[in-house]
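Written below as structure tokens is the structure these notes are about.
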Ligand SMILES: [Zn+2]
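In the numbering used here, the protein residues as written are 56 to 450.
Next up, the structure:
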């Protein structure tokens, strides 16, 4: 169904006035008004009105988000204006500059205003929530997971929630990793609706995980439940793994991140492992070392990279067990180098893993029919993992 463009423009332009009108003063300096408007998903508009007996000479906006970090990060914006006794200023935060923030993110902001007499007013911090108000969201919370949806019955949401909970149990059992902070899942009714919530929408984007905010946004229509469950398991695993391994010094290799997410989905999609076996036989698989960096954007190569990542994780868990996997994640959480972490936990580096995995894969004769499959294809961009559904035939 195609939305009428006028209606779309109306909802995209919907501005919601948030933030208190306040009066704070020092000497003759008074802040009369402060507000922020959410223009989802691209902008935050801030404005302020102040007056004084003498010229107001300096205005700064300070803001911080609820992104996970190791120290509180407060950004400061110098507002350009002509000094005067009465001023009205505004500043627009173009969220494309920081890669966007997810629905539901909280932004705290305050101003400092100074006049020519060096009188200064700092406004009280105000909180705004970056909500996608184009839809009427309902929510469901269980344990650490809150699921938001706007289309479909509660049974639809409950089924997705059950998948999320099962994924967490499975991850804890097989890897020892569990959520340390709450997460939010935003279920859009379609990939098209989801793209309306993204700052750089791509044709193939089916979901996005904002790991630093603990938020996932996915487009799942009520008729796509099976795909949706897989997508939720996958992205939720990314959030768990990122929470466990988050540290200021380093990240984890892509094959481990994606492999754990694929593993969390449960049984691999039909055809995925047979295509991997075929790739091994034809010597088309890459080394563990090169799988530590973001995968190729080329669909066919990426598919093999995901299959190989799944297989590497499955090999490590099957051969060496849950305790070692948790030890590996904890070691990465301390900021360890890729080779050092593997050596410390398993006694071999990336090349050693590569050799052992190839032996494991080629020892038993594995045959399988190559067949058309739905491929979950992800491309990592920065700290986001984009999820897309590509329906392909033979590969
Ligand atoms: Zn992924």
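C-beta: ideal position from N, C-alpha, C; glycine also.
Model, not experiment: these values are computed from the prediction.
Which residue marks the beginning of the beta strand (DSSP E) containing residue i, and which one marks its end?
i: residue 483; result: Residue 483 cannot be examined here, being either before or after the span of the chain that is shown, 56 to 450.
i: residue 143; result: 139 to 149
i: residue 90; result: 84 to 94
i: residue 184; result: 181 to 185
i: residue 262; result: 262 to 265
i: residue 240; result: 238 to 243
Would you say residue i and residue j are within 9 angstroms of each other, going by their C-beta atoms?
i: residue 254; j: residue 99; result: no
i: residue 320; j: residue 288; result: yes
i: residue 270; j: residue 241; result: yes
i: residue 317; j: residue 365; result: yes
i: residue 80; j: residue 176; result: yes
i: residue 492; j: residue 315; result: Outside the displayed range of the chain (56 to 450) lies residue 492, so it cannot be described from this structure.
i: residue 367; j: residue 311; result: yes
i: residue 361; j: residue 370; result: no
i: residue 375; j: residue 401; result: yes
i: residue 82; j: residue 179; result: no
i: residue 393; j: residue 347; result: yes
i: residue 160; j: residue 121; result: yes
i: residue 190; j: residue 243; result: yes
i: residue 286; j: residue 262; result: yes
i: residue 408; j: residue 340; result: no
i: residue 209; j: residue 182; result: no
i: residue 280; j: residue 195; result: no
Quick one: using the 10 Å Cβ neighbour count with 16 as the cut-off for buried, is residue i buried or exposed?
i: residue 96; result: buried
i: residue 147; result: exposed
i: residue 154; result: exposed
i: residue 309; result: buried
i: residue 391; result: buried
i: residue 389; result: exposed
i: residue 76; result: With a pLDDT of 46 at residue 76, under the threshold of 50, the predicted position of this residue should be treated as unreliable, and no value is reported.
i: residue 12; result: In the structure as shown, the chain starts at 56 and stops at 450, and residue 12 therefore has no counterpart that could be examined.
i: residue 427; result: At residue 427, the pLDDT of 29 sits below 50, so the modelled position is not reliable and the matter cannot be decided from this model.
i: residue 417; result: exposed
i: residue 187; result: buried
Please report the residue range of the alpha helix (DSSP H) in which residue i lies.
i: residue 389; result: Run containing residue 389: none; DSSP gives neither H nor E here.
i: residue 352; result: Here residue 352 belongs to no alpha helix (DSSP H), and DSSP marks it neither H nor E.
i: residue 201; result: Here residue 201 belongs to no alpha helix (DSSP H); instead the beta strand (DSSP E) covers 200 to 204.
i: residue 122; result: Careful: residue 122 lies outside any alpha helix (DSSP H) and carries neither H nor E.
i: residue 318; result: 309 to 319
i: residue 193; result: Per DSSP, residue 193 belongs to no alpha helix (DSSP H); it is in the beta strand (DSSP E), 193 to 197.
Original post:
Hey, is the segment 140 to 149 in contact with the segment 94 to 107, meaning 3+ C-beta pairs nearer than 8 angstroms?
Top reply: yes
Original post:
Do the segment 167 to 178 and the segment 111 to 121 meet, that is, are 3 or more Cβ pairs less than 8 angstroms apart?
Top reply: yes
Original post:
Is the segment 228 to 241 touching the segment 188 to 199, taking contact as three or more C-beta pairs under 8 angstroms?
Top reply: yes
**OP:** Tell me, please, whether the segment 321 to 339 touches the segment 262 to 282 by the rule of three or more beta-carbon pairs shorter than 8 angstroms.
**Re:** no
**OP:** Count the CB pairs spanning the segment 293 to 301 and the segment 369 to 385 that are closer than 8 angstroms, and state whether there are at least three.
**Re:** yes
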